[in-house]
Structures are given as structure tokens and as C-alpha cells.
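J.: So the sequence shown is numbered by this note's numbering: it starts at 4 and just counts up by one.
Using N, Cα and C, we set each Cβ at its ideal position, and we do this for glycine too.
Sending over a structure as C-alpha cells; questions will come in a sec.
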Amino acid sequence: MTMLPFPMAEEPDQASKEKGRLLFAGATDFLKGVVAMDGLPAPDRIEVCFAGRSNVGKSSLINALTGRVKLARASNTPGRTQEINFFTTTGGPYLVDLPGYGYANAPLKIVEKWQRLLKNYLSGRQNLRRAFVLVDSRHGVKKVDEEIMTLLDKSAVTFQVVMTKADKVKEKDREKVLAQVRKALSKHPAAYPELVLTSSEKGDGIETLRAIIAGLD
């Protein structure tokens, strides 16, 4: 049997599930929003970051992971959140919410400033263990996603693709999108070789993603 490149992450075993559950059962709190590198909190623990184009469902995913309805604020205006937002977990890593990219409504100067901050953050944060790049299950990898993946390659930051909104796609259509995603990822040396399929609305894949984050050292 031929193994697919970038298979789905396997369901975690009971111990891993419990580790993930415990991590996110504790308090998760907003720490600060950062607009410049000198505002970053001390790298005194590992961190994971979440990146994705606007409207990919990033806020909903973070809220589903943490079990908090309004921890990460979803905005109806793409690109409104232009800060790097840090959240603390109890005894675990920082969760870092990067601003949505690929938006067209923000002024060019703001976009350029954000891009500089993002590049500096990704290339200069030693305690960053993994970036989760969110890709919409209905649309697959877009050009703006390729750009962030290339930046992660150059920064030598391991990234893992998390497919969002899986409940919005019929299975036959999903397979086409997955084939496109796998092909796109094959060009990126920093891509972690497993995908996570999620639905924030239905809770699919949330337990798996919690276990993955809890298992990072």
C-alpha cells in the first residue's frame, strides 16, 4: 500500500489526549498585543503560532481549542487585527495569534509594516516550536499561503497545515482540495509531514490538535 504524502494526523492515544485535555482545561488568558519586536514577551517558554489568511476561521479555531467563546476575537472586517496577540496557558506554551494575511482593505503602509513585523518575528523567535498554517478546506492553498510557507522555509520554522471548515465541504470535493494541498506542500522543506482536518463548529480534529500542541517540547 502506497503511503500518501502528508497523511492525516492519526488519532492520539489516550495518554496524549489526556495531556492535551489537561493543557487546555486550565486557564488561557490574553497576555498582550504586540506591534513591534521590542514588545515581545520574554522567551521564557516555548510557543506555537497560528497563521492564516483572513476569514480562514483562525479565531474560531483558537476559541475551540481553548474552550473559550471570545478569547480570540473574530472580526467581520478582514485584516482589522494587526497585532501579534499572545495568550498564556497554565504551565504550557504561549499561543500566538498572527494577524490574518491576504486582505485587501488595509492601507498599503499598514500591510507593509505588518509584513516586516511578521518576518522579524518568524525569523528571530528561538522559542517558536511550530507554526500552524490554517488552510480553508473549501479552497486549498492560495498564493498568499505559499508566500507565508516560503517565509517559514527561509526562517527554518517547522509548520503544520491545519485544514479548517471541514464540515463545509462534501467528501468528494475535499479529496480534490487535499490533493492540491499535498502537492503544494511537497515544495516546502519546513512542512511537517501530517495534516490536521478540523471543524471548529463540530469539534472535529480539536482533540488531535490539542494533543499535538501538548506534545511539543
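Just to confirm the assignment, what range does the alpha helix (DSSP H) spanning M152 have?
T.: Taking the sequence shown and counting its residues from 1, the one referred to as residue 152 is at position 149. Unbroken alpha helix (DSSP H) run through M152: 146-158.
J.: Helix, strand or coil for V51 per DSSP?
T.: Here the question's residue 51 lines up with position 48 in the sequence shown. Three-state DSSP puts V51 in a strand.
J.: CB P61 to CB L137, shorter than 8 angstroms?
T.: Working through the sequence shown from its first residue, we reach residue 61 at position 58. Working through the sequence shown from its first residue, we reach residue 137 at position 134. At residue 61 the sequence reads Lys, which differs from the Pro that was named. Cβ atoms of K61 and L137: closer than 8 angstroms.
J.: Among T161, R141, K112, which one has its Cα closest to the Cα of Q129?
T.: If you number the sequence shown from 1, residue 129 lands on position 126. The residue with the shortest Cα to Cα distance from Q129 is T161.
J.: Who pairs with I207 in a beta bridge, going by DSSP?
T.: As a position in the sequence shown, residue 207 is number 204, starting the count at 1. The identity of residue 207 in the sequence shown is Asp, whereas the question assumes Ile. Answer by DSSP bridge pairing, in chain order: S202.
J.: With distances taken from CA atoms, which of N123, L68, K168 is nearest T211?
T.: Looking up residue 211 in the sequence shown gives position 208. Ranking the options by Cα distance to T211, first place goes to L68.
J.: Strictly by DSSP, which residues pair up with F3?
T.: Limits of the chain in this structure are 4 at one end and 220 at the other, which puts residue 3 out of reach.
J.: Considering only the alpha carbon of each residue, which of E204, F33, S189, G218 lies closest to P10?
T.: Taking the sequence shown and counting its residues from 1, the one referred to as residue 10 is at position 7. If we check each option's Cα against that of P10, S189 comes out closest.
J.: Residues in the same chain with beta-carbon distance under 8 angstroms from L219, minus the five sequence neighbours each way, listed in chain order, please.
T.: For the purposes of this step, residue 219 is identified with residue 216 of the sequence shown, where counting begins at 1. Excluding residues within five positions, the ones whose Cβ falls inside 8 angstroms are I49, V51, P96, R132, R133.
J.: For R128, does the three-state DSSP call read helix, strand or coil?
T.: Here the question's residue 128 lines up with position 125 in the sequence shown. It is coil, neither helix nor strand.
J.: Please report the straight-line C-alpha distance between K205 and E174, rounded to a whole angstrom.
T.: Here residue 205 refers to the residue found at position 202 when the sequence shown is read from its first residue. Here residue 174 refers to the residue found at position 171 when the sequence shown is read from its first residue. Cα to Cα, K205 sits roughly 16 angstroms from E174.
J.: Suppose the cutoff is 6 angstroms on Cβ atoms and the five residues either side in sequence are ignored; what does the same chain contact list for L43 look like?
T.: Indexing the sequence shown from 1 puts residue 43 at position 40. So the qualifying residues of the chain are V37.
J.: Can you tell me where the beta strand (DSSP E) holding Q163 begins and where it ends?
T.: Here the question's residue 163 lines up with position 160 in the sequence shown. Per DSSP, Q163 belongs to the beta strand (DSSP E) from 162-167.
J.: Any beta carbon from chain B within less than 8 angstroms of D176's own beta carbon?
T.: Absence of chain B from the displayed structure is noted, only one protein chain being present.
J.: Would you mind sorting M166 into buried or exposed? The rule is 16 or more other CB atoms within 10 Å of its CB.
T.: Position 163 of the sequence shown holds residue 166. Buried is the call here.
J.: Return the chain-ordered list of same chain residues with a C-beta closer than 7 angstroms to the C-beta of L101, the five sequence neighbours on each side being excluded.
T.: Counting from 1 along the sequence shown, the entry for residue 101 is found at position 98. Excluding residues within five positions, the ones whose Cβ falls inside 7 angstroms are C52, F53, A54, I87, L121.
J.: Which partner residues does M11 have in the DSSP bridge list?
T.: Taking the sequence shown and counting its residues from 1, the one referred to as residue 11 is at position 8. Bridge partners of M11: L198.
J.: Would R56 and V147 qualify as a contact pair, given that the criterion is a beta-carbon distance under 8 angstroms?
T.: As a first step, residue 56 must be located in the sequence shown, where it is residue number 53. As a first step, residue 147 must be located in the sequence shown, where it is residue number 144. For R56 and V147, yes; Cβs fall inside 8 angstroms.
J.: In terms of residue numbering, what span does the alpha helix (DSSP H) encompassing G23 cover?
T.: In the sequence shown, counting from the first residue as 1, residue 23 sits at position 20. Per DSSP, G23 belongs to the alpha helix (DSSP H) from 17-28.
J.: I want to check one thing, is the minimum distance from the CB of L200 to the heavy atoms of the ligand NAD below 7 angstroms?
T.: Summarising the ligand content, the structure contains no ligands, and the ligand NAD is consequently not present.
J.: Which same chain residues, not among the five before or five after H191, have their C-beta less than 6 angstroms away from its C-beta?
T.: By one-based count along the sequence shown, residue 191 stands at place 188. Here the set comprises M152, D156.
J.: Within its chain, find whatever has a CB closer than 7 angstroms to the CB of R267; leave out the 5 residues flanking it on each side and keep chain order.
T.: Examination of residue 267 is not possible in this model, given that the chain is present from 4 through 220 alone.
J.: Can you list, in chain order, the residues of its chain with a C-beta nearer than 7 angstroms to that of I65? Leave out the 5 residues immediately preceding and following it.
T.: What you label residue 65 is simply residue 62 of the sequence shown in a count that begins at 1. Closer than 7 angstroms at Cβ, skipping near neighbours: F53, L74, A75, L98, D100.
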